[in-house]
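Residue numbers (UniProt numbering): 1 to 121.
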């Protein structure tokens with residue numbers, strides 16, 4: 001499980017990976033194409049055959065292989081292109097939310113389940 005603030009391995013120092021909590025509120029600032037010479041994930045050099053793609057969640061620049069995932073977040077109407085890191089972060093957030101709901105449901109059952117089945121309280 002990766003940290004919610006972990007940046008792509010080959011992102012330049014000038015790339016500021018946005019906090020995942022902002023995904024629901026504002027679009028990321030895209031890293032300029034002119035400054036992205038390589039994929040932020042696999043370090044492939046961009047050229048005529050290896051095109052740049054921006055992740056719609058973090059604004060980073062990736063090759064097609066590293067930015068082919070699609071995700072839905074409340075900010076956008078439709079599924080959006082996402083890098084492998086952001087896709088994993090979305091999965092982690094969804095999973096942690098599901099685990100929290102499961103824990104809350106189990107706690108509620110413990111509170112409202114009588115110890116003696118014949119007892120009304």
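Built from N, CA and C at the ideal position, the CB exists for glycine as well.
None of these values were measured; they are calculated from a predicted model.
For residue i, report the span of its beta strand (DSSP E) as first-last.
i: residue 69; result: 69 to 71
i: residue 82; result: 80 to 82
Does DSSP put residue i in a helix, in a strand, or in coil?
i: residue 61; result: strand
i: residue 38; result: strand
i: residue 3; result: Below a pLDDT of 50, predicted positions are generally treated as unreliable, and residue 3, at 45, falls in that range; no measurement from the model is reported.
Given that a residue counts as buried once 16 or more other Cβ atoms are within 10 Å of its Cβ, and exposed if not, what is residue i?
i: residue 49; result: exposed
i: residue 95; result: exposed
i: residue 16; result: exposed
i: residue 28; result: buried
i: residue 8; result: buried
i: residue 77; result: exposed
Excluding sequence positions up to five away, which residues of its chain have a Cβ less than 7 Å from the Cβ of residue i?
i: residue 37; result: 45 and 46
Please go through the same chain and pick out, in chain order, the residues whose beta-carbon is closer than 6 Å to the beta-carbon of residue i, but skip the five residues on each side of it.
i: residue 39; result: 62, 63 and 66
i: residue 90; result: 71
i: residue 25; result: none
Looking only at its chain, what residues have a beta carbon closer than 8 Å to the beta carbon of residue i, apart from the 5 residues adjacent to it on each side?
i: residue 10; result: 38, 39, 40, 41, 42 and 43
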